[in-house]
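Numbering (the numbering used here), first residue to last: 129 to 584.
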Amino acid sequence: MEYKNDTYSRFNSVRPILAGGLVVCVALGGCTKTPSGKSFIPAMQPRADNSRVEVVTAVQKDVDHTTSQPATVHPFFQADIISKVSGYIEDVFVDIGDTVKSGDPLCQLSVPEMGKQLDQIHAKQQRLLAEQKRAEAAVTVAVARIRSSEAEAEEAASNIKQVEARLVANKAELKRVVGLVERKAVTIANLDEAQASNDVSEAAKISAEAALRSAQAKKEIAVAEREAAEAEVATAQARHAESIKEGEELDAMLQYTTLRAPFDGVVTSRSVDPGDFVTGISQAHGLLRRPLFHVDQQSRLRVRVAIPERDASEVDAGDPVVLRLDAFPKAPIDAVVTRAAQRLDPSTRTMLAEIEVDNTGGRLLPGMFGCATIIATTSKDAIVLPASALRTDAEGNPYVFLLDEEDRIVKTHIVVGADDGHEIEVVTGLAGTERVVDAFVGSIEEGQVVEVVRSE
């Protein structure tokens, strides 16, 4: 039963019946005369028979409010296969109608220049790796020099301490000898000897300090060399890592030379042959290009239905659906609404609803067309009449003829809800116990007394 938000006009075919007979007055020996002597013919008299009608009584039952709309079958997933790289088609592995699994190769492209570029990148990586190792060796040498200079510095510092100790002793001895010379206890020769020892100690101190400074300078140079070598190592590592990344990117691009199925499905289109040149996305510059293959996932399908605005607010996920496809008119499919967009398309004022259907056997095909009857709501204990009892006035307002206790016609306007062409739901206007005139061929009017010939 299709749900209608507005009232539909139902026009009953009325064929006038001419009742009565032709009255012929035949004068035997002449026509009847009036007092004035003129002839007189009696007028035709209407029949007094009442119109005969059939009567039905409304019933109460649950009424489904439905909307029936065109439905189209679509793949659950579908993909246009386009090449990312440019090259020549070396081999084609599938054709239309072939079933493929996710990852199965569809075709192979030949791109020789990519292989040469990859060889160059590998050679570059080896060279940069050698530079990195050389820089690491320089770091090792610099570290060794640092350690050597540190040892020299430690030795020089130790010598300085020893020389300073001897210098202190020599100065004390020189001072003592000077005092003895002044008292003429020793000779000048003893003074010269003490002075010479002091001078040697001072010279040794200067030499030791110079050695310390030299060792420190060597360490600074070695540290600088180590830092420079470490910088070279870092640079070489960065360049090597960059070349590895370039190689990985090129390896990834080479993977694109084998076009593969994105999911389990069926190849529904193929537009390439071996030897064809294919332009990659990176070189297409936004130009529209024909897909090489088209793959549909058909083990599960989406049936899409455009719900008109008047019914959109009533349709939700989970509503029961009966699908009738033109290809299988005698095999309706029971399903439910899987999802509804909950938004109207501004261009069509319709809401998209999708119904998922299992197609493991492959009986249904994308592109099939049919009708989806969605049960949006259900009215409990609704008042229902045969559709043949419905009439409409000149303004298109629906009404029915009732019979009162004296079998007199009473015209009553009603509000119609659901209407499937066989039965109508009476929303308002009837209590459900009235006698309602069924389809009637003829003319009856409000207030007319009729004869009931059958009652249901």
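We treat Cβ as the ideally placed atom computed from N, Cα and C, and that holds for glycine.
The residue from D208, R491, P240 with its alpha-carbon nearest to that of R388 is D208. Using a Cβ-Cβ distance cut-off of 8 Å, the stretch 414-429 and the stretch 203-222 are in contact, since at least three pairs of beta carbons, one from each stretch, lie closer than that value.
Burial state of F529 is buried, judged by a 10 Å Cβ sphere holding 16 or more other Cβ atoms. For E182, the three-state secondary structure derived from DSSP is strand. CA-to-CA, the gap between G557 and E437 works out to about 27 Å.
Shown here, T478 sits in a strand according to DSSP, grouped into three states.
The residues V213, M242, in chain order, have a CB closer than 7 Å to that of M381 in the same chain once the five nearest residues on each side in sequence are set aside. Here L295 is near E330, since their CB atoms are less than 8 Å apart. By the beta-carbon neighbour count (other beta carbons within 10 angstroms, threshold 16), N326 is buried. DSSP, read as helix, strand or coil, puts T195 in strand.
In this model, V395 and G408 are separated by some 21 Å (Cα to Cα).
For P526, the enclosing beta strand (DSSP E) stretches over residues 526-531.
The distance from the Cβ of V443 to that of V465 is about 6 Å, consistent with a contact at the 8 Å cut-off. Non-local beta-carbon contacts of D532 in its own chain, meaning distances under 8 Å to residues more than five positions away in sequence, involve V538 in chain order. A517 and A567 do touch by the CB rule: their CB atoms are close to 7 Å apart, below 8 Å.
Within the stretch 426-461, the complete beta strand (DSSP E) runs of at least 3 residues fall at 448-453.
Cβ-Cβ distances below 6 Å link Q576 to I537 in the same chain, with the five nearest sequence neighbours on each side left out; the list follows chain order. When DSSP states are grouped into helix, strand and coil, G498 belongs to the strand group.
Looking at the backbone, the Cα of E376 and that of L234 are separated by about 23 Å.
In terms of Cβ geometry, V406 and L237 form a close pair [threshold 8 Å]. The residues A186, Q188, I511, in chain order, have a CB closer than 7 Å to that of G560 in the same chain once the five nearest residues on each side in sequence are set aside.
Per DSSP, A546 is one residue of the beta strand (DSSP E) stretching across 543-547.
A straight-line Cα-Cα distance of about 14 Å links V554 and V184.
Counting the other CB atoms within 10 Å of its CB gives D447 a total of 16 or more, which places it among the buried residues. Bridge pairing for L472: M479 [DSSP]. Per DSSP, reduced to three states, the secondary structure at S507 is strand. Approximately 4 Å separates the beta-carbon atoms of M479 and I435; this is inside 8 Å, confirming the contact. For S211, no alpha helix (DSSP H) segment is defined, and its DSSP state is neither H nor E.
Note: P514 is bridge-paired with E551 in the DSSP secondary-structure output. DSSP places E282 in the helix class (H, G or I) of the three-state scheme.
Under DSSP, A345 shares a beta bridge with no residue. H541 counts as exposed, since fewer than 16 other beta carbons sit within 10 angstroms of its beta carbon.
Under DSSP, Q188 takes part in a beta bridge, and its partners are I511. When C-beta atoms of the stretch 336-354 are compared with those of the stretch 309-316, fewer than three pairs fall below 8 Å, so the two segments do not count as touching. With contact defined as three or more Cβ pairs closer than 8 Å, the stretch 281-295 and the stretch 258-265 are not in contact. A distance below 7 Å between beta-carbons, with the five flanking residues on each side excluded, links N487 to the following residues of its chain, in chain order: Q426, S427, R428, L429.
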